[in-house]
Amino acid sequence: MTTAQRRELIARAVAAKETSYSPYSRFRVGAAVLTDDGNIFDGCNVENASYGLAICAERNAIFRMAHAGHRSLVAVAVTSDHTSFITPCGACRQVIAEFAAKGTVVLLVSAKGRVKRVPFERIFPTPPDLASLKK
(Lines of atoms letter the chains of each structure in order from A and count residues from 1; the text may use other names and numbers.)
(Lines give C-alpha, C1' and ligand atoms only; values in the text may rest on other atoms or scores of the structure.)
Protein backbone atom coordinates (compact mmCIF):
# COMPACT_ATOMS: atom_id res chain seq x y z
CA MET A 1 0.00 0.00 0.00
CA THR A 2 1.41 3.35 -1.01
CA THR A 3 1.28 6.44 1.20
CA ALA A 4 -1.29 7.98 -1.17
CA GLN A 5 -3.46 4.85 -0.99
CA ARG A 6 -3.22 4.85 2.80
CA ARG A 7 -4.32 8.49 2.98
CA GLU A 8 -7.20 7.90 0.56
CA LEU A 9 -8.32 4.76 2.40
CA ILE A 10 -8.45 6.64 5.71
CA ALA A 11 -10.21 9.64 4.14
CA ARG A 12 -12.84 7.38 2.59
CA ALA A 13 -13.49 5.63 5.92
CA VAL A 14 -13.86 8.98 7.70
CA ALA A 15 -16.23 10.27 4.99
CA ALA A 16 -18.28 7.05 5.09
CA LYS A 17 -18.77 7.50 8.84
CA GLU A 18 -20.65 10.71 8.09
CA THR A 19 -23.36 8.73 6.24
CA SER A 20 -23.89 6.24 9.07
CA TYR A 21 -27.50 5.40 9.88
CA SER A 22 -27.29 4.86 13.63
CA PRO A 23 -30.36 6.43 15.26
CA TYR A 24 -30.50 3.87 18.08
CA SER A 25 -26.93 3.60 19.34
CA ARG A 26 -25.60 6.87 17.90
CA PHE A 27 -22.39 4.86 17.35
CA ARG A 28 -21.25 5.98 13.90
CA VAL A 29 -18.70 3.82 12.10
CA GLY A 30 -17.05 4.19 8.71
CA ALA A 31 -14.82 1.72 6.91
CA ALA A 32 -12.97 1.41 3.63
CA VAL A 33 -11.18 -1.50 1.99
CA LEU A 34 -8.31 -1.48 -0.50
CA THR A 35 -8.29 -4.26 -3.09
CA ASP A 36 -5.20 -5.98 -4.39
CA ASP A 37 -5.53 -4.01 -7.65
CA GLY A 38 -5.80 -0.60 -5.96
CA ASN A 39 -9.56 0.01 -5.84
CA ILE A 40 -11.17 1.43 -2.71
CA PHE A 41 -14.68 0.65 -1.49
CA ASP A 42 -16.27 2.28 1.54
CA GLY A 43 -19.23 1.64 3.79
CA CYS A 44 -20.97 2.80 6.94
CA ASN A 45 -22.91 1.01 9.63
CA VAL A 46 -26.68 0.81 9.11
CA GLU A 47 -28.85 0.07 12.12
CA ASN A 48 -32.37 -1.30 12.34
CA ALA A 49 -34.95 -1.24 15.14
CA SER A 50 -34.40 -5.00 15.20
CA TYR A 51 -30.74 -4.81 16.28
CA GLY A 52 -29.83 -8.19 14.81
CA LEU A 53 -30.57 -6.83 11.34
CA ALA A 54 -27.98 -4.05 11.61
CA ILE A 55 -24.92 -4.24 9.36
CA CYS A 56 -21.43 -3.07 10.22
CA ALA A 57 -19.42 -0.59 8.16
CA GLU A 58 -16.68 -3.12 7.41
CA ARG A 59 -19.10 -5.65 5.95
CA ASN A 60 -20.90 -2.96 3.95
CA ALA A 61 -17.58 -1.96 2.37
CA ILE A 62 -16.59 -5.57 1.66
CA PHE A 63 -19.98 -6.45 0.19
CA ARG A 64 -19.71 -3.43 -2.14
CA MET A 65 -16.26 -4.69 -3.14
CA ALA A 66 -17.59 -8.17 -3.86
CA HIS A 67 -20.58 -6.77 -5.78
CA ALA A 68 -18.10 -4.93 -8.03
CA GLY A 69 -16.39 -8.25 -8.77
CA HIS A 70 -13.32 -7.95 -6.55
CA ARG A 71 -12.27 -10.90 -4.42
CA SER A 72 -9.08 -9.85 -2.63
CA LEU A 73 -8.37 -7.03 -0.20
CA VAL A 74 -5.05 -5.90 1.23
CA ALA A 75 -6.12 -3.25 3.75
CA VAL A 76 -9.10 -2.20 5.83
CA ALA A 77 -9.54 1.16 7.57
CA VAL A 78 -12.13 1.57 10.33
CA THR A 79 -13.08 4.65 12.33
CA SER A 80 -15.72 5.97 14.70
CA ASP A 81 -16.43 9.10 16.72
CA HIS A 82 -14.55 7.70 19.73
CA THR A 83 -11.14 9.00 20.68
CA SER A 84 -9.92 5.45 21.26
CA PHE A 85 -9.44 2.85 18.54
CA ILE A 86 -12.22 0.41 17.65
CA THR A 87 -11.59 -2.95 16.04
CA PRO A 88 -13.82 -4.97 13.73
CA CYS A 89 -16.32 -7.24 15.49
CA GLY A 90 -16.11 -11.02 15.21
CA ALA A 91 -18.53 -11.21 12.28
CA CYS A 92 -16.54 -8.59 10.39
CA ARG A 93 -13.27 -10.38 11.13
CA GLN A 94 -14.72 -13.55 9.65
CA VAL A 95 -15.83 -11.71 6.49
CA ILE A 96 -12.45 -9.97 6.20
CA ALA A 97 -10.77 -13.39 6.47
CA GLU A 98 -12.80 -14.59 3.48
CA PHE A 99 -11.23 -11.94 1.23
CA ALA A 100 -7.94 -11.04 2.96
CA ALA A 101 -4.75 -11.46 0.96
CA LYS A 102 -1.62 -12.58 2.76
CA GLY A 103 -0.26 -9.63 4.71
CA THR A 104 -3.55 -7.72 4.95
CA VAL A 105 -3.40 -4.80 7.39
CA VAL A 106 -6.10 -3.08 9.42
CA LEU A 107 -5.81 0.65 10.00
CA LEU A 108 -7.57 1.68 13.20
CA VAL A 109 -8.35 5.40 13.05
CA SER A 110 -9.38 7.39 16.12
CA ALA A 111 -11.69 10.40 15.95
CA LYS A 112 -8.63 12.55 16.60
CA GLY A 113 -6.92 11.16 13.51
CA ARG A 114 -4.44 8.88 15.24
CA VAL A 115 -3.77 5.73 13.21
CA LYS A 116 -2.70 2.33 14.47
CA ARG A 117 -1.57 -0.20 11.85
CA VAL A 118 -2.29 -3.79 12.85
CA PRO A 119 -1.61 -6.95 10.82
CA PHE A 120 -4.94 -8.69 10.26
CA GLU A 121 -3.57 -11.99 11.56
CA ARG A 122 -2.90 -10.29 14.89
CA ILE A 123 -6.59 -9.52 15.46
CA PHE A 124 -7.79 -12.81 13.93
CA PRO A 125 -4.93 -15.23 14.64
CA THR A 126 -6.63 -18.58 14.04
CA PRO A 127 -9.35 -18.28 11.40
CA PRO A 128 -11.16 -21.43 10.33
CA ASP A 129 -9.56 -23.31 7.44
CA LEU A 130 -11.77 -21.84 4.73
CA ALA A 131 -9.90 -23.69 1.98
CA SER A 132 -11.25 -26.98 3.31
CA LEU A 133 -14.80 -25.76 2.67
CA LYS A 134 -14.07 -25.23 -1.03
CA LYS A 135 -13.25 -28.89 -1.67
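The sequence shown begins at -12 in the numbering used here and counts up by one.
Each residue gets a CB set at the ideal place from its N, CA and C atoms; glycine is no exception.
No Cβ-Cβ contact shorter than 8 Å links V93 with V61. At a cut-off of 3 residues, the continuous stretches assigned as beta strand (DSSP E) that sit fully inside the stretch 42 to 95 are 60 to 67. Annotation for R104: V92 and L94 place their beta carbon closer than 7 Å to its own, counting only its chain and skipping 5 residues before and after. Judged by their CB atoms, S59 and D23 are nearer to each other than the 8 Å cut-off. Ranked by Cα distance from F86, the options R(-7), T74, M52 and G100 are led by M52. Across the structure, A18 and E34 are spaced so that their CA atoms are roughly 15 Å apart. In terms of Cα proximity to P75, the closest of H57, G56, A44 and S97 is A44. The three-state reading of DSSP puts F28 in strand, counting E and B together.
F107 is positioned such that its CB atom lies closer than 8 Å to that of I83. CA-CA distance, D68 to R15, rounds to 6 Å. In chain order, Q(-8) place their CB closer than 8 Å to the CB of G25, counting only its own chain and leaving out the 5 sequence neighbours on each side.
In the three-state DSSP reduction, T22 falls in the strand class (E or B).
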